[in-house]
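Take a look at the structure set out below.
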Amino acid sequence: MASLTIRKLDETLKTYLRLRSAQNGRSVEEEVRVILRGLIEPADPSEPPSAPPTPAPPPEPMVPQPGVAREARVTLIIGGGIAAYKSLDLIRRLKERHIQVRCVLTKAATQFVTELAASALSGERVFTDLFDARSEFDVGHIRLARDCDLIVVAPATADLMAKMAQGLASDLASAVLLAATRPILLAPAMNPMMWSNPATRRNAATLQRDGIQMIGPNAGEMAEKGEAGVGRMAEPTEIADAVVAMLKPPTPRPLAGRRVLITAGPTHEAIDPVRYIANRSSGKQGFAIAAAAQAAGADVRLIAGPVELSDPKGVRVTHVESARQMLDAVEAELPADVAIFAAAVADWRVANEGDQKLKKTDTAIPPLTLVENPDILATISNLKERRPGLVIGFAAETEHLIDNAKAKFARKGCDWIVANDVSPATGVMGGDRNTVHLLTKDTEGVHVASWPIMTKDEVATALVAEIARTIGPAA
Ligand SMILES: Cc1cc2nc3c(=O)[nH]c(=O)nc-3n(C[C@H](O)[C@H](O)[C@H](O)COP(=O)(O)O)c2cc1C
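Reading the sequence shown from the start, the letters are residues 1 to 475 in full-length UniProt numbering.
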């Protein structure tokens with residue numbers, strides 16, 4: 001008589017059998033017996049109808065893919081330490097963060113917390129035994145190791161760390177850890193003497209060299225009366241936040257190694273030491289572009305006129321007042337791969353800037369003679385040496401937007417123009433939204449791409465994405 005080993009069936013059949021047995025409330029073996037009996041016996045009308053065979057679902061991606069909504073999965077290994085009770089709270093904290101948790105308890109852990117508590121909190125079966133035939137059939141230690149996005153060990157006992165460092169697989173927890181292909185996060189917890197013991201120090205160093213991440217242990221009071229030092233397990237919320245950070249896909253850095261130079265804000269052109277000519281630019285759009293380029297991995301240099309904004313994180317900012325200072329600062333930051341001139345630079349300045357405050361007199365109003373400021377966009381666009389590979393100008397217009405932007409494009413010699421309507425009704429000047437048109441050119445002429453109304457942050461992200469598509473990261 002031939003025997004049937006269910007474990008050796010192909011995955012599609014096993015999935016079908018599991019689904020069907022779960023639906024009918026039987027074990028898989030029982031379900032197989034029912035199916036076989038059904039082949040030789042007439043159908044029992046009291047039997048619930050069996051579900052039609054469903055095709056096996058495609059294997060789910062292990063790592064969250066962009067655009068695919070799926071809860072992340074964590075295998076949580078609870079070691080036999082006094083801090084195990086905190087791991088029950090950790091299960092809750094992970095679930096609050098929409099992370100599915102499947103628990104493995106070491107034999108020692110079951111002395112501190114019950115399987116029942118871990119399964120009630122996780123909503124999943126709990127695994128404890130390497131040699132449990134049912135667990136091996138249902139999931140198996142290899143699947144426990146791989147059918148997740150991350151493995152967390154909390155508390156990581158001195159004993160578990162030693163087993164891991166030596167590559168032992170003598171129980172379910174250590175076998176899962178040895179078979180793991182997913183990242184591992186340890187939250188060690190032990191008496192300070194155990195933590196500072198040279199053996200534990202060696203094991204911790206080996207594990208870190210092996211690429212295993214650790215959180216804690218923290219310093220503080222121990223469970224043992226009168227003991228304090230380094231050895232307390234990190235708090236459940238700390239561990240849960242570290243898990244979330246580890247589950248995040250790495251941020252793409254499409255402009256890594258590129259230097260991006262950006263100007264932003266208005267300029268102030270002095271009339272005398274206390275008065276100046278200004279404009280309504282807030283600098284928000286340029287600052288948003290600087291932040292977006294920095295997030296894309298670029299080395300960003302921002303030259304800012306007088307604005308009421310905080311410097312974007314990770315960006316080198318030079319603060320200037322006037323158009324001439326802005327040009328000097330721009331030149332000082334060359335060479336650059338990309339230059340984006342988003343500042344609203346005053347076209348004119350006062351020719352006869354007073355050294356002293358102009359006095360009001362009864363006789364005459366002082367005349368203000370204006371002279372042209374340097375044209376920063378044209379100057380940089382027409383550099384013979386050190387011209388950035390991609391020069392982008394902004395055209396803020398209040399009328400005939402596209403025609404004026406095209407004329408500016410032709411005049412300045414830059415590569416792209418971002419045109420926006422800044423007439424008062426749009427609320428663009430100082431506001432948080434912007435409607436822009438991106439003008440580019442090739443051998444066939446000028447192309448205008450009109451973007452929908454977006455926040456200035458969204459415009460910045462879209463522009464940086466367009467730049468990254470065009471120039472990419474440094475070779
Ligand atoms: C009351 C009590 C508390 C313990 N607390 C810890 C602890 O916090 N950290 C630790 O590494 N070991 C602790 N141990 C020792 C472990 O339980 C022991 O090393 C055990 O073999 C660990 O098994 P495991 O690593 O398979 O969970 C404790 C033991 C007892 C009796």
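By construction, the Cβ of each residue, glycine as well, lies at the ideal position given by its N, Cα and C atoms.
This one's a predicted model, so the numbers in the text were calculated from it and none came from an experiment.
Length of the line joining the Cα atoms of residue i and residue j
i           : j           : result
residue 94  : residue 250 : 20 Å
residue 397 : residue 265 : 16 Å
residue 208 : residue 258 : 32 Å
residue 79  : residue 101 : 15 Å
residue 284 : residue 179 : 51 Å
residue 197 : residue 174 : 21 Å
residue 477 : residue 35  : Within the shown structure, residues of the chain are numbered from 1 to 475, placing residue 477 beyond reach of any answer.
residue 383 : residue 362 : 49 Å
residue 215 : residue 461 : 33 Å
residue 177 : residue 210 : 12 Å
residue 330 : residue 391 : 12 Å
residue 357 : residue 272 : 5 Å
residue 327 : residue 187 : 53 Å
residue 13  : residue 136 : 17 Å
residue 302 : residue 96  : 40 Å
residue 432 : residue 455 : 6 Å
residue 110 : residue 84  : 9 Å
residue 61  : residue 141 : Reliability fails at residue 61, whose pLDDT of 37 lies under 50, so the model's placement of it is uncertain and the value that follows must be treated cautiously. Rounded to the nearest angstrom, the two C-alpha atoms are 19 Å apart.
residue 161 : residue 107 : 15 Å
residue 464 : residue 277 : 31 Å
residue 166 : residue 143 : 22 Å
residue 224 : residue 89  : 21 Å
residue 388 : residue 263 : 14 Å
residue 56  : residue 28  : Below a pLDDT of 50, predicted positions are generally treated as unreliable, and residue 56, at 37, falls in that range; the measurement from the model is reported next regardless. So the alpha carbons of these two residues sit roughly 16 Å apart.
residue 145 : residue 6   : 21 Å
residue 10  : residue 17  : 11 Å
residue 239 : residue 253 : 27 Å
residue 403 : residue 439 : 11 Å
Delimiting residues of the beta strand (DSSP E) encompassing residue i
i           : result
residue 416 : 416–421
residue 218 : 218–221
residue 447 : 445–450
residue 72  : 72–78
residue 183 : Per DSSP, residue 183 belongs to no beta strand (DSSP E) and is neither H nor E.
residue 438 : 436–442
residue 110 : Careful: residue 110 lies outside any beta strand (DSSP E) and carries neither H nor E.
residue 155 : 150–156
residue 380 : Note, residue 380: premise wrong, no beta strand (DSSP E); alpha helix (DSSP H) at 376–381.
residue 390 : 390–397
residue 264 : 259–264
residue 318 : 316–319
For residue i, the first and last residue of its enclosing alpha helix (DSSP H)
i           : result
residue 122 : 115–122
residue 172 : 172–179
residue 470 : 456–471
residue 198 : 198–209
residue 141 : 140–146
residue 101 : Not the alpha helix (DSSP H): residue 101 falls in the beta strand (DSSP E), residues 99–105.
residue 243 : 236–247
residue 287 : 284–295
residue 92  : 84–96
residue 411 : 401–412
residue 324 : 323–332
Residue environment, residue i, which counts as buried when at least 16 other CB atoms sit within 10 Å
i           : result
residue 193 : exposed
residue 73  : buried
residue 181 : exposed
residue 365 : exposed
residue 59  : Residue placement at residue 59 cannot be trusted, given a pLDDT of 36 that sits under 50; the coordinates are not used to answer.
residue 131 : exposed
residue 267 : buried
residue 236 : buried
residue 171 : buried
residue 185 : buried
residue 479 : The structure shown does not extend to residue 479, since the chain spans only 1 to 475, so no value can be given for it.
residue 453 : exposed
residue 320 : buried
residue 71  : exposed
residue 415 : buried
residue 33  : exposed
residue 220 : exposed
residue 76  : buried
query: Is the stretch 334–341 touching the stretch 307–318 in the sense that three or more CB pairs, one from each, lie closer than 8 Å?
result: Proximity of the stretch 307–318 to the stretch 334–341 falls short of the contact definition, fewer than three beta-carbon pairs being nearer than 8 Å.
query: Can at least three beta-carbon pairs, one atom from the stretch 369–387 and one from the stretch 406–424, be found at a separation below 8 Å?
result: yes
query: Is the stretch 268–283 touching the stretch 337–348, taking contact as three or more C-beta pairs under 8 Å?
result: yes
message: Would you call the stretch 96–110 in contact with the stretch 124–131, where contact means no fewer than 3 C-beta pairs closer than 8 Å?
response: Proximity of the stretch 96–110 to the stretch 124–131 meets the contact definition, three or more beta-carbon pairs being nearer than 8 Å.
message: If contact is defined by three or more beta carbon pairs under 8 Å, each pair taking one atom from either stretch, is the stretch 145–153 in contact with the stretch 235–248?
response: yes
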